[in-house]
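If you're matching positions, the sequence shown starts at 1 in the numbering used here and goes up one per residue.
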Amino acid sequence: MPRTPYAALLRLPGVARLFVVSFVARIPAAMVGVVLTLHVVTSLDRGYAQAGVVAGAATVGMALGAPWRGRLVDRFGLRRAIAPSVLVESAVWVCAPRLSYELLIGAAFVAGLFLVPVFSVTRQSLSVLVPLAQQRAAFALDSVAVELTFMLSPVIGVVLATQVSTVAALTVVGVATVAAGVLLWWANPPTRSAAPVAPLETDGAPDGTARRLLGPALVVVLLAAVAAAFVLVGTDVALVASLNDAGRAGDVGWMIALWAGGSVVGGLVHGARHRSPSPLVLVALLALATVPAAFAPGPYRLAVAVFVAGLPCAPALSSINATLVRLVPEQRRGEVMGWSGTMGTVGNALGAPLCGFVIDRSSPGAGFLTAACVGGGIAVAGLVVLALTRHSAAGVPVAADAPAPEALGTPAEREVSAGTASGAGDDERAEPGRLAEVPQPRRSSERLGHTVRRRVRRVGRRPSAGVRPPSP
1 MPRTPYAALL RLPGVARLFV VSFVARIPAA MVGVVLTLHV VTSLDRGYAQ
51 AGVVAGAATV GMALGAPWRG RLVDRFGLRR AIAPSVLVES AVWVCAPRLS
101 YELLIGAAFV AGLFLVPVFS VTRQSLSVLV PLAQQRAAFA LDSVAVELTF
151 MLSPVIGVVL ATQVSTVAAL TVVGVATVAA GVLLWWANPP TRSAAPVAPL
201 ETDGAPDGTA RRLLGPALVV VLLAAVAAAF VLVGTDVALV ASLNDAGRAG
251 DVGWMIALWA GGSVVGGLVH GARHRSPSPL VLVALLALAT VPAAFAPGPY
301 RLAVAVFVAG LPCAPALSSI NATLVRLVPE QRRGEVMGWS GTMGTVGNAL
351 GAPLCGFVID RSSPGAGFLT AACVGGGIAV AGLVVLALTR HSAAGVPVAA
401 DAPAPEALGT PAEREVSAGT ASGAGDDERA EPGRLAEVPQ PRRSSERLGH
451 TVRRRVRRVG RRPSAGVRPP SP
């Protein structure tokens, strides 16, 4: 018997291969941002703001393309859906190192639009390969793998761009992107079960029908993805600003690695647990854990605060993905996973400029606090929306002087009592799934007995002529 949930998870058929394929296929996606920035600044001799425009074009393309490509996977299967991505990506990255700045903006947008959906496909396939009881560990391990990818890939990109050339680095990114698509096409992990599985969550309907796709629960979980991304990108910007102000810009690399290390530790602990709080609660904890970094007086205390801030990161992200899997039907999971990626992109797009604006007019500590307050506020608002939704779905509230449910006896007796107290007429029928309602007698038992005896005596005094005897 394996001693950890991760050993049991990796022994499931196809799971270990999926993690290896996804880890390799995610490397170019995690490398492209820093390589594009260095190429624009050094090879094209432009400023960092113009480099941000190119990175922003790629980000907008990813945000628009993720739900569309996820829907293609749902409709046509993995291989048919990613074949156009492989062809377009190969054409874009062959040309990208030789394009002018203006054309590079358009190429970055197209590359983002057709980016191979390895992140969403991996999570979609995990929901098929892994039983429900082990999915928490699966998504936690996936979040840990993502953290490791983003710890290693930018370093590889920086080394290539600085030690060789940015043209070589862009060429490697292009070759790796195409290779990632071919590898994913070859592995062809399943994205649909043999028998379609309905979502576990329902609207509380008595017949157990599934909720509509865009319900309040799904909306607030997608907002949790926005909030988590906002906190993470705000922490990133504030951390870099804090170290620059302290004259320790060289510490940025190992400090970010320490932050990701905290996320890895938190993700492994979260996946080994049997229970987990709501993703909104975990996002609120993520925001709260960021607050100490705003008041860290020196680099070493900041390092401790950053490690603590990273602990809820992987748990929050993995919980969001696991919850989305339970909320939507299997035939729509690719699309919804794409929307989750889009919401993360929206959080990044909002968090970086807003926290940067606050830092420019105040201090790096205010950037940490802005990320915590905005992200935590979104998470708390989502919890309030869920609470109000459940309250309204619960029906009419019980009167203040009504007895407690426990005082009404067994559930069956409470059903009968509810039907008796309703005063329903004799011609009303019981609802499906409920016990038949017992109608309230129109007369008291004593008066009813007196009436029956009086009628019996009256019948006894009548003549028996013309009365047919009962059949034998």
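Quick reminder that beta carbons are idealized off the backbone N, C-alpha and C, glycines included.
Residue interval of the alpha helix (DSSP H) (run including residue i)
i                 : result
arginine 361      : 333-361
alanine 228       : 216-245
valine 40         : Where valine 40 is concerned, there is no enclosing alpha helix (DSSP H), given that its DSSP letter is neither H nor E.
glutamine 135     : 135-163
serine 85         : 78-95
serine 276        : Counting along the chain, serine 276 falls outside any alpha helix (DSSP H), and DSSP gives it neither H nor E.
serine 125        : 118-129
phenylalanine 109 : 101-113
Nearest neighbour of residue i, chosen from the options [CA to CA]
i                 : options                           : result
glutamine 331     : Ala51, Gly271, Pro13 and Leu78    : Leu78
proline 475       : Pro364, Pro216, Gly174 and Leu160 : As displayed, the chain neither begins before 1 nor continues past 472, which places residue 475 out of reach and without an answer.
glycine 347       : Gly106, Thr59, Gly271 and Arg301  : Thr59
leucine 232       : Leu12, Ala260 and Leu218          : Ala260
arginine 123      : Ser362, Ala371, Val325 and Asp360 : Val325
leucine 369       : Thr235, Asn321, Ser278 and Pro297 : Thr235
glycine 351       : Gln163, Ala238, Ala49 and Gly70   : Ala238
phenylalanine 307 : Ile256, Asn321 and Gly334         : Ile256
alanine 137       : Val269, Ala387 and Ala180         : Val269
glycine 181       : Gly266, His274, Val21 and Ala349  : Val21
valine 221        : Leu38, Val34, Met31 and Val384    : Val384
glycine 262       : Phe114, Val164, Thr290 and Ser153 : Thr290
leucine 132       : Leu386, Thr323 and Glu335         : Thr323
valine 155        : Gly253, Val240 and Thr342         : Gly253
alanine 314       : Gly70, Pro297, Val121 and Gly266  : Gly266
leucine 129       : Arg98, Leu152, Leu18 and Val34    : Leu18
alanine 249       : Phe295, Pro299 and Thr162         : Pro299
phenylalanine 150 : Arg46, Trp186, Pro28 and Ala381   : Pro28
aspartate 474     : Ser120, Thr166, Pro13 and Gly70   : Residue 474 lies beyond the range of the chain shown here (1 to 472); nothing can be said about it.
Where residue i sits in the DSSP three-state scheme
i              : result
tyrosine 6     : helix
proline 193    : The sequence given here places serine at residue 193; proline does not occur at that position. If DSSP states are grouped into helix, strand and coil, serine 193 belongs with coil.
valine 328     : coil
asparagine 188 : coil
glycine 298    : coil
arginine 11    : coil
glycine 375    : helix
leucine 317    : helix
leucine 286    : helix
proline 312    : coil
glycine 52     : helix
arginine 46    : coil
arginine 248   : coil
glycine 425    : Because the pLDDT of glycine 425 is 39, which lies under 50, any placement of that residue in the model is unreliable, and the number read from its coordinates should be weighed accordingly. Coil at glycine 425, not helix or strand.
Burial state of residue i, where buried means 16 or more other Cβ atoms lie within 10 Å
i             : result
proline 117   : buried
threonine 345 : buried
cysteine 355  : buried
threonine 4   : exposed
histidine 274 : exposed
alanine 474   : The structure shown does not extend to residue 474, since the chain is modelled only from 1 through 472, so no value can be given for it.
leucine 247   : According to the sequence as given, residue 247 is glycine; it is not leucine. Exposed, since its Cβ has fewer than 16 Cβ neighbours within 10 Å.
leucine 103   : exposed
leucine 126   : buried
Residue i beta carbon near the ligand NAP (any heavy atom closer than 6 Å)
i           : result
glycine 112 : The ligand NAP is not part of the structure shown, which contains no ligands of any sort.
Checklist entry - Taking three-plus beta-carbon pairs below 8 Å as touching, is the region 75-88 in contact with the region 281-291? => result Counting Cβ pairs under 8 Å, fewer than three are found: no touch.
Checklist entry - For the region 368-377 against the region 225-234, are there 3 or more C-beta pairs whose distance is under 8 Å? => result yes
Item to check | Meets three-Cβ-pair contact criterion under 8 Å: the region 101-114 and the region 43-55 | outcome: Judged by Cβ distances under 8 Å, the region 101-114 makes contact with the region 43-55, as three or more pairs qualify.
Next on the checklist: Under 8 Å, with one C-beta from each stretch per pair, do the region 139-148 and the region 310-330 reach the 3-pair mark?
Outcome noted: With a cut-off of 8 Å, the region 310-330 and the region 139-148 count as touching, because enough Cβ pairs lie within range.
Checklist entry - Between the region 92-100 and the region 174-192, do at least 3 Cβ pairs fall closer than 8 Å? => result Touching, yes, given that three or more Cβ pairs across the two stretches are closer than 8 Å.
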